[in-house]
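To start, the structure under review is shown below, and the notes come after it.
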Amino acid sequence: MSGFELPAPSPLVVPETQPFWEGTKAGRLMLPRCLRCSFVIWYPRQFCPECGHNAVEWFEATGRGSIYSFTIVRRGEGAYRETPSYVLAFVDLHEGPRVMTNIIDCDATQLQIGESVSAVFCDAGDSAALLRFRPILTE
Amino acid sequence: MTINVQLSQCVLEYDVSLNAKAVIVGAYEHPGRDLPDRSAQQIHAEVALGALADAGLNLQDVDGFFCTGQLGFGAISLAEYIGLKHLRYTDSTFTGGSSYLCHVGHAALAVASGKCRIALVTQGARVRGIVRGAKLAPDTPEYPFEAPYGETNLGIYALAARRHMYEYGTTARQLAEVKVAASYHAQFNPNALLRKPVTIEEVLASPFVADPLRRLDCCVVTDGGGAVIVTTPEIAAGLKRQGVEIRGHGEAIKHTMSGRLDMTYTAAVWSGPAAFEEAMVTPADIDYASIYDSFTITVLMTLEDLGFCKKGQGGAFSADGALRIGGRLPINTDGGGLCNNHPGYQGGMIKIIEAVRQLRGEAHPEVQVKNCRLALAHGTGGGISRLCSATLILGRGDA
């Protein structure tokens, strides 16, 4: 499944999360990091839910990660109701967070836990792109 | 149980044990599973009246009301609809399928402290044949980071199942054992939605819905619900029906931990020990357990998290009919959510009711645990990435 034909519902963008979504539109993975304890926060927030500090800085992450778990969903709901199948996954970003995503551009039957993946940004309306991943091909 | 809470400057010490200070005196499961001609509020009313009749009480005896608040304006709309006129305590905690176990724990606290004397907990749901809408509103904090990727309950439980298999070697056959045990019990329940016993091979031959989960790894979707009545030991002693003591209660929320989610365990690792400690018993003392079974993997993880076996050993523990009547830990003798009933995608109320039946000796004779004195009921609400686990320990009053 190539993945670019998957539904891409527009997420609700609010001021708190706008730096993240602006990044996705520009093809960059921007993450918030606590200015006190350096914890990398997911999903994005403007305060640190680990230490309680109320200031963060945004930095550009590598977009590299590895698959924590994945499944081929054959019974989608909502926007995915008409999608015959798609890969839902959690990916461990190199920077620490474990994020929900889709794995695209892959043979879903050959995916493995631990497999290296890199970020792909799929347009989802005017103000956001979805953070998806594709396997990193090693020759 | 005495708890020491150390705040920055002071130490508080207080007694919070509820052990046997409240009693379930009425329980009623709606016999319907497919109720196209009923409204959800009608079902709430029917089960309320059913549980009150079971207890030998009347509608106007109720002074505490507990429901999820999903229907109308919190608990207020249903209080009016049902006709509850003397309410002085209400709680509309909503934690998905575990809500009702939380309600019973909260009701026990309320009656033990005198805030109310006769507490009614109800569930009513009408969902069959209705396309399930969005689980959450778009402005829910996590929604923009999950829903656009096609997140579903089924999908995230599948992610948990695959990771459990990867870390602990759990197999599809071991998952199937859970369904096989449920279906064995369901054949004796005339109200169960699915009454036909199935084999491991039949489970493994059912199609993937989100691999590694197959169709027969998933619970049923039903209409219906149930109700229970919680009161004081003094009032219970004056009623004809056998009461079931609330010996222990624990609840806990686990979530994605700021993006550091571990999918291999549930909040039962916290709710279980709290309930066991309050009841002053251990998993080895439990004669019967109602274990939330939204999916087969939910059961294996919960058995581990509650301490019935070591972490990662849920599959081995459940093999060879262990979860069936006569096995080492009979669970879900009504057929569970996998075969009997899972009203409105929430199975917690039914879990409590089957535990009450077992302790009263009123389960079907083919699935009644002999001399059942101590039971556990457990709920898992939400998903497996963020959830509320709730555990009750229930005991026969004379044991």
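Chains as they are written, first to last, in this note's numbering: chain A, 1 to 139; chain B, 1 to 399. Using N, Cα and C, we set each Cβ at its ideal position, and we do this for glycine too.
- Residue range 153 to 168 is occupied by the alpha helix (DSSP H) that includes residue 162 (chain B).
- If you draw a straight line from the Cα of residue 44 (chain A) to the Cα of residue 369 (chain B), it is about 50 angstroms long.
- Residue 32 (chain A) sits in a strand when the DSSP states are folded into three classes.
- Flagged as an interface residue toward chain B: residue 100 (chain A), by a C-beta distance shorter than 8 angstroms.
- Taking 7 angstroms as the upper bound on Cβ-Cβ separation, chain B lies near residues 113, 124, 130 of the segment 103 to 130 of chain A.
- Between the alpha carbons of residue 327 (chain B) and residue 181 (chain B) lies a gap of roughly 10 angstroms.
- Judged by DSSP in its simplified three-state form, residue 106 (chain A) adopts coil rather than helix or strand.
- Taking one beta carbon from each stretch, the segment 116 to 135 of chain A and the segment 59 to 75 of chain A have 3 or more pairs nearer than 8 angstroms; the two touch.
- Contact between residue 63 (chain B) and residue 89 (chain B) holds, since their C-beta atoms are separated by about 7 angstroms, short of 8 angstroms.
- Taking 9 angstroms as the Cβ-Cβ cut-off, the segment 55 to 75 of chain A approaches chain B at 68, 69, 70, 71, 72, 73, 74, 75, given in chain order.
- Interface flag for residue 178 (chain B) against chain A is unset, since no Cβ pair is found closer than 8 angstroms.
- Looking from the CA of residue 9 (chain A), the closest CA among B:35, B:68, B:228, B:146 belongs to B:146.
- If you check the CB distance, residue 230 (chain B) and residue 111 (chain B) come in under 8 angstroms.
- Neighbours of residue 149 (chain B) in chain A, taken as residues whose beta carbon is under 8 angstroms from its own, are 88, 100, 101, 102, 130, 132 in chain order.
- Rounded to the nearest whole angstrom, the CA to CA distance from residue 15 (chain A) to residue 57 (chain A) is 15 angstroms.
- Rounded to the nearest angstrom, the Cβ distance from residue 77 (chain A) to residue 132 (chain B) is 6 angstroms, consistent with a contact under 8 angstroms.
- In the pairwise beta carbon analysis, the segment 329 to 338 of chain B is classified as touching the segment 347 to 358 of chain B: at least three pairs are separated by under 8 angstroms.
- Interface with chain B (8 angstroms Cβ-Cβ cutoff): residue 15 (chain A) is excluded.
- Below the 8 angstroms Cβ cutoff, chain A contributes 71, 72, 73, 74, 75, 88 as neighbours of residue 210 (chain B), in chain order.
- In terms of beta-carbon proximity, residue 136 (chain A) stays away from the interface with chain B, with every pair separated by 8 angstroms or more.
- Bridge pairing for residue 66 (chain B): B:91, B:121 [DSSP].
- Straight across, the Cα-Cα distance linking residue 49 (chain A) with residue 35 (chain A) is about 12 angstroms.
- When the beta-carbon positions are compared, residue 74 (chain B) and residue 346 (chain B) stay at least 8 angstroms from each other.
- Residue state for residue 261 (chain B) is assigned as coil, using DSSP reduced to three classes.
- DSSP, reduced to helix, strand and coil, places residue 21 (chain A) within a helical segment of the structure shown.
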